[in-house]
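Using my numbering, read the sequence shown as starting at 2 and increasing by one per residue. Glycine included, each C-beta is placed from N, C-alpha and C at the ideal position. Take a look at the structure set out below.
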Amino acid sequence: MKKIFFMALTMLIIASCNVFSKTKLDYNEFNFDYNTGSIETIEEIKQWGSGVLNEVKIELEENIKSGIKVIKPKLSSSFNNFDDKGIKTIVFSVFKDISGNHPETFIKIFYNDKDGNKLEKNDIIKLDSDLKISSFEKKIKEKIKNIEGIFTEESEILEGVKNYLKDLKFYFDSGRIIFLFDPYIIGPYSKGTIEIEFYFDELKEYLNPELFPEIKKELEEKARKEAEKNKKSKTLSESDKKNLNNGKKYVALTFDDGPSNKTTPKLLDILKKYDVKATFFVLGKLVAAYPNIVKREFEEGHEIANHSWDHPNLVNLKNEAVKKQIFSTDDEIKKVIGKSVDLVRPPYGAHNKRVNDLIGKTIVMWNVDSLDWKHKNVKKNLDTSMSQVQNGSIILFHDIHQTSVDTIEPLIKKLKEQGYEFLTVSELLNIGQGGDFSKKVCSGEFNCYSY
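This is how it looks when you write it as structure tokens:
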């Protein structure tokens, strides 16, 4: 009898230990004992780490009390140091799994200057005006569009980016600025932490010149030259200046990925009917396949522009491959229309300073995305476009989809009813940039910046 009793007691103790081990928090790999940098930063990291650990312990206790199933809860972390452009960055990646079913990952970043003094993120990136916030948001969204597997609903992306701007997470490394998105901000947990990167030079206008003396000097010199240029410039006519402030409204219709022998001729018929001139960003391989359509586009007064040879992501190509994509297309276009073209739209809108410098032409983006490739629906194309249109808009469509072509006639009617006039992209840029838009990136609403 005693033997049976002790066996039962032993089994109960073992079972209790097993239950305890399954619910006890494992935080052996959660290390926040950091001893590099300023005393202020070291103390801040310790306080942050202690706070995270306490919060997780409280959450675990509450889950157990509530009867929520808990299986081997774990809290762990890792960190990396980066030192570039005089900014020292400590990036902590934290993994938390309380129930075994809903793991979480999040990033925490600490900043120091070259002397080890603590910095806040707002000391580094200065989004101190509505214009800066808006243009920075556009840059982020343009990068995000090229990532596969993120949320598909535009409203989710928009909300995620707007929230992200309130709590930026970034670090400097090898002349680049890398931005980190925790899971669920713009994509599902399965995507993990999402990274997008910019070259340092691409974001100079948003960086604090007081921390980066070379930027301060460059901005001062640029401002001086711009002032001189504006004094001397007579390219922008008085009538154009008057038009910009006289209630006139302009848009540029642009069409990518063509020509198509099935849909582009019908589109040209519609444009001719309403006396509307557009800009066609053509693929070199299709220019070679359908030269007569490109010739018709040109002869009917439309602008022809370059969209690469066969639509790769230029950012992922080596230098020679980038040049071949662009200049082979240039050569093919010149065979057909007898002249070179000055405008390039990179496939997927993907470009950086290296790609821009290799191309050496005007990079044309857009500020109205019809999402016609996604909708394949006339009403959705129309509603999406009209909800974004403003004076100076560059509107993106694709002339290879029948539903896109079918959208253009009602779109033209609506825009004309609202008083818009139609220009080619070069005509639009001439008004906004006074004829000087070479080696610039332009994205609509008369906005361009030099690269």
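Beta-bridge pairing of residue i - partner residues as DSSP gives them
i      : result
Tyr450 : Val442
Tyr185 : In the DSSP output, where bridge partners are listed per residue, Tyr185 has none listed.
Ser100 : Partner(s): none; Ser100 has no beta bridge.
Gly259 : Val283
Ile364 : Val345 and Val442
Ala253 : Ile395
Tyr421 : Lys250
Ser94  : Ser79 and Ile108
Ile88  : Asp85 and Asp114
Leu128 : Note: Leu128 sits in no beta bridge, so no partner.
Leu430 : Paired residues: none, contrary to the question.
Leu166 : According to DSSP, Leu166 bridges with nothing at all.
Leu416 : Beta-bridge pairing links Leu416 to no other residue.
Leu1   : Given that the chain is displayed from residue 2 to residue 452, the structure contains no residue 1 and the question cannot be resolved.
Simplified DSSP assignment, three categories, for residue i
i      : result
Phe107 : strand
Glu121 : coil
Lys242 : Per-residue confidence for Lys242 stands at a pLDDT of 44, beneath the threshold of 50, marking its modelled position as unreliable; the derived number appears in the next sentence. Reduced to three states, the DSSP call for Lys242 is helix.
Ala289 : helix
Ile158 : helix
Phe199 : strand
Ile178 : strand
Phe213 : coil
Glu143 : helix
Lys192 : helix
Tyr112 : strand
Lys73  : coil
Phe173 : strand
Ser371 : coil
Lys58  : helix
Asp34  : coil
Ile401 : coil
Asp27  : strand
Val337 : helix
Asp437 : coil
Lys377 : coil
Asn357 : helix
Thr330 : helix
Glu149 : coil
Gly68  : coil
Gln48  : helix
Phe388 : In the sequence as presented, Phe is not what sits at residue 388; that position holds Ser. DSSP places Ser388 in coil when its eight states are reduced to three.
Ser39  : coil
Residue i at chain C interface by Cβ criterion, 9 angstroms
i      : result
Pro210 : Note that chain C does not occur in the displayed structure, where there is just one protein chain.
Inter-residue CB distance, residue i and residue j (contact presumed, cutoff 8 angstroms)
i      : j      : result
Thr24  : Val71  : 5 angstroms
Ile409 : Ile271 : 5 angstroms
Asn147 : Tyr421 : Not a contact, Cβ separation roughly 30 angstroms.
Asp85  : Phe173 : 4 angstroms
Asn307 : Val337 : Going by Cβ atoms, the distance from Asn307 to Val337 rounds to 13 angstroms, so no, they are not a contact pair.
Lys115 : Gly87  : 4 angstroms
Lys273 : Glu301 : 6 angstroms
Thr330 : Gly259 : Rounded, the Cβ-Cβ distance is 13 angstroms, inconsistent with contact.
Ile197 : Ile158 : That pair is no contact at about 13 angstroms.
Ile334 : Val288 : 6 angstroms
Tyr452 : Lys319 : In fact, because the Cβ distance is near 19 angstroms, the residues do not count as touching under 8 angstroms.
Gln389 : Val406 : 20 angstroms between Cβ atoms; not a contact.
Thr106 : Thr194 : 6 angstroms
Pro104 : Leu26  : 14 angstroms between Cβ atoms; not a contact.
Exercise for the section: Mind the definition here: the region 202-222 touches the region 364-378 only if three or more C-beta pairs lie below 8 angstroms; say whether that holds. Expected result: With a cut-off of 8 angstroms, the region 364-378 and the region 202-222 do not count as touching, because too few Cβ pairs lie within range.
Handout entry: Ranges of the alpha helix (DSSP H) found wholly within the region 264-324, counting only runs of at least 4
Key = Every alpha helix (DSSP H) of 4 residues or more that sits fully in the region 264-324 is shown, in chain order, as 265-274, 285-290 and 292-300.
Problem - Touch test, the region 440-452 against the region 402-414, Cβ-Cβ under 8 angstroms, three pairs minimum - result: Taking a contact to require three or more Cβ pairs closer than 8 angstroms, the region 440-452 and the region 402-414 do not qualify as touching.
Practice task
Assess, as a yes-or-no matter, whether the region 149-156 is touched by the region 164-171 under the definition of 3 or more beta carbon pairs within less than 8 angstroms.
Solution key: Judged by pairs of C-beta atoms under 8 angstroms, the region 164-171 does not touch the region 149-156, as fewer than three such pairs exist.
Problem - Any 3 or more C-beta pairs closer than 8 angstroms across the region 208-217 and the region 380-395 - result: No: the two stretches stay apart, fewer than three of their Cβ pairs being nearer than 8 angstroms.
Practice task
May I ask you to verify whether the region 87-107 touches the region 28-38, counting CB pairs closer than 8 angstroms and requiring at least 3?
Solution key: Below 8 angstroms, enough C-beta pairs join the region 87-107 and the region 28-38 to call them touching: three or more.
Practice task
Examine the Cβ distances between the region 391-398 and the region 248-255 and report whether three or more of them are shorter than 8 angstroms.
Solution key: Segments in contact, yes.
Practice task
Examine the Cβ distances between the region 42-62 and the region 104-112 and report whether three or more of them are shorter than 8 angstroms.
Solution key: At 8 angstroms Cβ cutoff, the stretches touch.
Exercise for the section: Count the C-beta pairs between the region 134-143 and the region 60-70 that are closer than 8 angstroms, then say yes if the count reaches three, no if not. Expected result: As far as the Cβ criterion goes, the region 134-143 does not touch the region 60-70, which means the pair count is below three.
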